[in-house]
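Here the structure comes first, spelled out in structure tokens, and everything after it is commentary.
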């Protein structure tokens, strides 16, 4: 098969997945050599950057996903009715920023920086697939180490952690909607263990599965 013959194969596989498809999985599926697959993926990325297409092929941390171009987000929003207001508290944002820039980091280390308990916020961030457990620290008690996920990279529209913006800019960039099928809110304001939990920042944005970050 020629390189272009793999275009529909990769398009079908990546399009059918709700999450970014790992490069290693694409290798297994196509049977291609690593260099050849990378070249074909680069060609596909270039192809979908053309104005005639309404979608883009995006790369996040060595994984690939199709996303709607931002200029068409309003139309997609009407179709899927995903224009709910989702809230992200200051407490959650601060915790997420600490994890992003200091990972791998333990809960106690985060709490030392923030000065409040973060157990519930960690649970919420994990629920929305923004953070994950990276293992355990080799110290007394072997506490869990936390880091960010590929979903987090998608919300910032960066390929990997080396492209993280300055910490002061992370909140401005984190404007994509984190939508849950059951809850309208990102955090539970009843969490009285975190003093900043009632400080809510509303963001009305389309679901990140369907659009780019502005």
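Residue numbers (my numbering): 53 to 266. The C-beta atom is built at its ideal place from N, Cα and C for all residues, glycine as well.
Counted within 10 angstroms of its Cβ, other Cβ atoms place residue i as buried (16 or more) or exposed
| i | result |
| --- | --- |
| residue 64 | exposed |
| residue 53 | exposed |
| residue 130 | exposed |
| residue 67 | exposed |
| residue 191 | exposed |
| residue 219 | exposed |
| residue 141 | buried |
| residue 110 | buried |
| residue 146 | buried |
| residue 127 | exposed |
| residue 209 | buried |
Residues near residue i by beta carbon distance below 7 Å, same chain, minus five either side
| i | result |
| --- | --- |
| residue 201 | 181, 182, 183 and 184 |
| residue 61 | 82 |
| residue 189 | 158, 195 and 197 |
| residue 102 | none |
Assumed close pair residue i, residue j - CB separation to whole angstroms, cut-off 8 Å
| i | j | result |
| --- | --- | --- |
| residue 150 | residue 172 | At roughly 15 Å, the Cβ-Cβ gap does not stay under 8 Å, so residue 150 and residue 172 are not in contact. |
| residue 108 | residue 100 | 5 Å |
| residue 121 | residue 106 | 6 Å |
| residue 161 | residue 169 | Going by Cβ atoms, the distance from residue 161 to residue 169 rounds to 13 Å, so no, they are not a contact pair. |
| residue 69 | residue 79 | Not really, about 15 Å apart at Cβ, beyond 8 Å. |
| residue 177 | residue 144 | 6 Å |
6 Å Cβ shell around residue i - same chain, five flanking residues per side excluded
| i | result |
| --- | --- |
| residue 92 | 55 and 58 |
| residue 97 | 109 |
| residue 204 | 182 |
| residue 212 | 113 |
Cβ neighbours of residue i in the same chain (closer than 8 Å, five flanking residues each side left out)
| i | result |
| --- | --- |
| residue 156 | 186, 187, 189, 197, 198 and 199 |
| residue 216 | 152, 153, 208, 210 and 222 |
Residue i: CB within 7 Å of a non-hydrogen atom of the ligand SAM
| i | result |
| --- | --- |
| residue 89 | The ligand SAM is not part of the structure shown, which contains no ligands of any sort. |
Spell out a yes or no on whether the segment 113-127 and the segment 69-87 are touching, meaning 3 or more CB-CB pairs, one atom from each, closer than 8 Å.
yes
Can you list, in chain order, the stretches of the beta strand (DSSP E) that have 3 or more residues and sit fully within the segment 164-192?
Positions of the beta strand (DSSP E) runs, each at least 3 residues long and wholly inside the segment 164-192, are given as 183-188 in order along the chain.
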